Amino acid sequence: MNMRTRTDVLLLVACCGFLFFYGLGAFGLLGADEPRYAQVAREMLDRRDWVTPTLQGKPWLEKPPLYYWQAMLSFSVFGVNDRAARMPAAFDAALMIAFVYLFLRRFRPGSEIDGALIAAGCAGTIGFARAAATDMPLAAMFAIAMLAWYAWYESRARAYLAAFYVFVALGTLAKGPVAPFLAGVILLIFAALKRDWRILLRTLWIPGILLFLVVAMPWYVAVQLRNPEFFRTFILEHNLARFGQDLYHHRQPFWFYLPVLLLSLMPWTVWAVAAIAERLRLVWSEGKNAFSSDEDSWQLFLLIWLLVPVLFFSAPSCRDTFCQRSRPEPCLCRITWPSGKSENRRFHPGWRGCMPRFAAEWFSARCRRPA
Amino acid sequence: MVFGALSAPGIVLNHRLAWVTGSYLAGAVASVVAFGIAGVLLSRTGLRWLRFATMVPIVVGVGAILRLASPMVDATLSARPIAETIQSFSQEAVPIAVYHANRVQEYGLEFYLNHGVQRYELGQVPQEGHVLIAARNTAGQLSGFLPARKVSRLTTVPAQKLDVYWVAPTPIAHP
Numbered sequence: 468m469n470m471r472t473r474t475d476v477l478l479l480v481a482c483c484g485f486l487f488f489y490g491l492g493a494f495g496l497l498g499a500d501e502p503r504y505a506q507v508a509r510e511m512l513d514r515r516d517w518v519t520p521t522l523q524g525k526p527w528l529e530k531p532p533l534y535y536w537q538a539m540l541s542f543s544v545f546g547v548n549d550r551a552a553r554m555p556a557a558f559d560a561a562l563m564i565a566f567v568y569l570f571l572r573r574f575r576p577g578s579e580i581d582g583a584l585i586a587a588g589c590a591g592t593i594g595f596a597r598a599a600a601t602d603m604p605l606a607a608m609f610a611i612a613m614l615a616w617y618a619w620y621e622s623r624a625r626a627y628l629a630a631f632y633v634f635v636a637l638g639t640l641a642k643g644p645v646a647p648f649l650a651g652v653i654l655l656i657f658a659a660l661k662r663d664w665r666i667l668l669r670t671l672w673i674p675g676i677l678l679f680l681v682v683a684m685p686w687y688v689a690v691q692l693r694n695p696e697f698f699r700t701f702i703l704e705h706n707l708a709r710f711g712q713d714l715y716h717h718r719q720p721f722w723f724y725l726p727v728l729l730l731s732l733m734p735w736t737v738w739a740v741a742a743i744a745e746r747l748r749l750v751w752s753e754g755k756n757a758f759s760s761d762e763d764s765w766q767l768f769l770l771i772w773l774l775v776p777v778l779f780f781s782a783p784s785c786r787d788t789f790c791q792r793s794r795p796e797p798c799l800c801r802i803t804w805p806s807g808k809s810e811n812r813r814f815h816p817g818w819r820g821c822m823p824r825f826a827a828e829w830f831s832a833r834c835r836r837p838a
Numbered sequence: 002m003v004f005g006a007l008s009a010p011g012i013v014l015n016h017r018l019a020w021v022t023g024s025y026l027a028g029a030v031a032s033v034v035a036f037g038i039a040g041v042l043l044s045r046t047g048l049r050w051l052r053f054a055t056m057v058p059i060v061v062g063v064g065a066i067l068r069l070a071s072p073m074v075d076a077t078l079s080a081r082p083i084a085e086t087i088q089s090f091s092q093e094a095v096p097i098a099v100y101h102a103n104r105v106q107e108y109g110l111e112f113y114l115n116h117g118v119q120r121y122e123l124g125q126v127p128q129e130g131h132v133l134i135a136a137r138n139t140a141g142q143l144s145g146f147l148p149a150r151k152v153s154r155l156t157t158v159p160a161q162k163l164d165v166y167w168v169a170p171t172p173i174a175h176p
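So the sequence lines, in the order shown, correspond to chains H and G. The first sequence runs 468 to 838 under this note's numbering. The second sequence runs 2 to 176 under this note's numbering.
Shown next, in the form of structure tokens:
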């Protein structure tokens with residue numbers, strides 16, 4: 468480990484330690500979800516049952532188990548308290564930042580510490596890293612999966628593709644089918660815009676699919692066998708019906724995610740907006756040539772990754788707080804700016820600002836969550 | 002960001018930012034300082050130092066929220082102080098019921114006290130002695146749920162507009 472790497476690691480540990488872990492128990496569990504999820508994990512731990520989530524002894528099948536499993540481990544180590552309940556999200560956020568750093572160091576050297584610190588410093592990241600909820604586990608797993616996929620796309624190393632499948636599976640265990648669905652949509656659009664359908668065929672790698680099934684499926688099968696109502700409760704009611712209908716009267720206007728997005732990006736909002744605007748301008752002016760080089764492909768990928776969840780969950784039937792929470796909310800989306808094609812020479816030439824998008828669950832969960 | 006963090010206790014307490022002269026002044030000064038620092042750094046040193054400078058308000062903001070706003074957040078938005086209030090009267094597990102308390106308080110009490118909470122509105126009135134958490138100004142409605150039962154107010158949780166009662170067990174009818 469050279470001096471630069473050591474400094475980077477120390478800086479990241481200090482930042483993540485303070486922003487995500489410091490003062491986790493400074494205030495009690497907030498909203499209806501935090502204490503409910505924590506209680507479910509406590510009951511699972513008391514029964515030593517890793518399959519069926521229960522609340523006050525009754526099956527509670529609204530969410531998959533990743534958060535509960537992490538909270539059970541945390542309760543085992545730190546005892547049952549609100550600090551331990553929030554530990555899983557903080558850990559997942561730190562893991563996500565570590566992967567951002569490692570990815571950038573390997574594939575975009577020179578920007579790794581910038582990207583990791585900016586990703587860690589967004590209001591949305593900090594907020595959700597400190598919440599006992601399923602949002603950060605999903606966001607972290609999904610973000611790592613997408614980074615792993617792009618690492619495979621650039622390097623063709625199968626280990627990255629295997630990591631993609633494993634982390635998509637973990638995302639499925641964090642929040643359900645939304646993780647593989649969104650990953651599929653993003654890759655489909657990317658392949659379509661690149662006009663290279665072989666990307667999709669190569670992504671559909673049998674060992675990877677088996678890995679996905681091995682990681683994600685055992686719990687789904689086990690919980691269905693023990694609780695025959697699981698499919699109706701979780702898949703039909705808490706995914707499809709909640710997505711398509713305003714079951715819980717959480718309807719929001721179509722532009723709801725725009726201010727949420729901008730707030731969650733604070734204090735990096737201006738940079739992110741500039742990066743997106745520049746990329747959209749290039750697409751508009753240069754068409755498919757805007758994404759001809761490797762660097763341009765990366766930016767195209769980021770742009771799709773940024774926009775797909777926002778547009779998808781802004782669809783007319785699903786602007787409710789369910790979607791707000793269930794989309795890969797604080798998923799990492801980086802836009803480099805200034806780009807190679809329009810770099811302003813007055814700016815530091817070595818700088819590559821990495822603009823993460825973290826939609827503002829922190830804002831909405833704290834301020835809008837129905838009591 | 003720092004301005005927002007410093008204003009957080011007031012926002013939590015009043016559900017809005019108190020726009021008085023001091024707030025305008027502080028907001029204006031904070032904006033001028035922020036844009037000034039950004040401008041100077043951009044023109045003299047480039048974006049790298051601006052990034053480091055931006056991390057400062059993030060750290061200060063998080064620190065300010067944790068140190069200054071968290072007691073207010075805890076007192077007004079979490080069930081933890083309610084649970085601590087109940088435990089200050091009895092360390093033993095007693096049945097808990099709520100009346101016109103919100104879901105945050107109900108689920109929070111379930112976690113902090115580790116047992117179920119009954120809801121008077123749903124007809125779940127425990128027959129044994131229990132602690133009742135009721136919204137302030139609902140005392141007059143309680144007698145309808147608790148005929149011939151002694152109700153004593155233990156304390157109040159003013160930050161959440163709640164009263165805490167001890168409800169005696171249902172008297173045993175003698176033939």
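Ideal Cβ placement from N, Cα and C applies to all residues, glycine included. Values in this document were obtained by computation on a predicted structure and should not be read as measured data.
Cβ of residue i within 7 angstroms of any chain G Cβ
| i | result |
| --- | --- |
| H/L503 | The amino acid at residue 503 of chain H is misidentified as Leu; the sequence shows Arg. Answer yes: the Cβ-Cβ gap between H/R503 and chain G drops below 7 angstroms somewhere. |
| H/Q766 | no |
| H/A600 | no |
| H/L728 | no |
| H/F494 | yes |
| H/C821 | Summary for H/C821: the model assigns pLDDT 33, below 50, so the residue's position carries little reliability, and this model does not support an answer. |
| H/G582 | no |
| H/L486 | yes |
| H/P839 | With chain H covering 468 to 838 only, the question about residue 839 of chain H has no answer from this structure. |
| H/P840 | Here chain H comprises residues numbered 468 to 838, so residue 840 of chain H is not present and cannot be evaluated. |
| H/L479 | no |
Anticipated Cβ contact below 8 angstroms, residue i with residue j, distance rounded
| i | j | result |
| --- | --- | --- |
| H/P604 | H/Y534 | 5 angstroms |
| G/V105 | H/G754 | The Cβ separation is near 51 angstroms, so there is no contact. |
| H/P734 | H/L640 | That pair is no contact at about 33 angstroms. |
Residue i versus residue j: straight-line alpha-carbon distance, rounded
| i | j | result |
| --- | --- | --- |
| H/L671 | H/L528 | 30 angstroms |
| G/V63 | H/G492 | 14 angstroms |
| G/Q142 | H/A600 | 36 angstroms |
| H/I771 | H/M608 | 18 angstroms |
| H/G594 | G/M56 | 16 angstroms |
| H/I653 | H/V727 | 21 angstroms |
| G/E129 | H/S543 | 34 angstroms |
| H/L749 | H/Q766 | 11 angstroms |
| H/G524 | G/R68 | 37 angstroms |
| G/S44 | G/P58 | 20 angstroms |
| H/V737 | H/P520 | 42 angstroms |
| H/A739 | H/D581 | 14 angstroms |
| H/R572 | H/V476 | 12 angstroms |
| G/P96 | H/S781 | 44 angstroms |
| H/G484 | H/F566 | 16 angstroms |
| H/L486 | G/A54 | 16 angstroms |
| G/A31 | H/Y724 | 27 angstroms |
| H/E745 | H/Y504 | 41 angstroms |
| H/F830 | H/A596 | Note that H/F830 has pLDDT 30, beneath the 50 cutoff, so the model's placement of it is unreliable and no number is given. |
| G/F36 | G/Y25 | 16 angstroms |
| H/E704 | H/L478 | 44 angstroms |
| G/R137 | G/K162 | 5 angstroms |
Per-residue contacts from residue i into chain H (C-beta, under 7 angstroms)
| i | result |
| --- | --- |
| G/L78 | L497 |
| G/V34 | Result: empty, since nearest Cβ-Cβ is about 13 angstroms, beyond 7 angstroms. |
| G/G117 | Q523 |
Short CB-CB distance (under 7 angstroms) between residue i and chain H
| i | result |
| --- | --- |
| G/D164 | no |
| G/L67 | yes |
| G/I59 | yes |
| G/R45 | no |
| G/T55 | yes |
| G/Y121 | no |
| G/R104 | yes |
| G/A160 | no |
| G/V126 | no |
Interface partners of residue i on chain H, CB under 9 angstroms
| i | result |
| --- | --- |
| G/E111 | P502, R503, Q506, L522 and Q523 |
| G/V99 | Result: empty, since nearest Cβ-Cβ is about 13 angstroms, beyond 9 angstroms. |
Nonlocal neighbours in the same chain, by C-beta distance under 6 angstroms from residue i, ignoring five residues either side
| i | result |
| --- | --- |
| G/L133 | A98, Y166 and V168 |
Proximal chain G residues relative to residue i, where beta-carbon distance stays under 9 angstroms
| i | result |
| --- | --- |
| H/D549 | S79, R81, F112 and Y113 |
Within chain H, partners of residue i - CB distance below 8 angstroms
| i | result |
| --- | --- |
| G/S71 | G490, A493 and F494 |
Nonlocal neighbours in the same chain, by C-beta distance under 7 angstroms from residue i, ignoring five residues either side
| i | result |
| --- | --- |
| H/F574 | A618 and E621 |
| G/Y79 | Contrary to the premise, residue 79 of chain G reads as Ser rather than Tyr in this sequence. Counting only Cβ-Cβ distances below 7 angstroms, and skipping sequence neighbours, we find G109. |
Closer than 8 angstroms at the beta carbon, the chain G residues around residue i
| i | result |
| --- | --- |
| H/G588 | T55, M56 and I59 |
| H/P576 | Simply none; closest approach about 15 angstroms. |
Any chain C beta carbon closer than 7 angstroms to residue i
| i | result |
| --- | --- |
| G/Y25 | No chain C appears in the structure shown, which is made up of the protein chains H and G. |
Same chain only: Cβ atoms within 8 angstroms of residue i, ignoring 5 sequence neighbours per side
| i | result |
| --- | --- |
| H/L562 | A607 and I611 |
Under 7 angstroms from the C-beta of residue i: neighbouring residues of chain G
| i | result |
| --- | --- |
| H/P734 | M2, T55, P58 and I59 |
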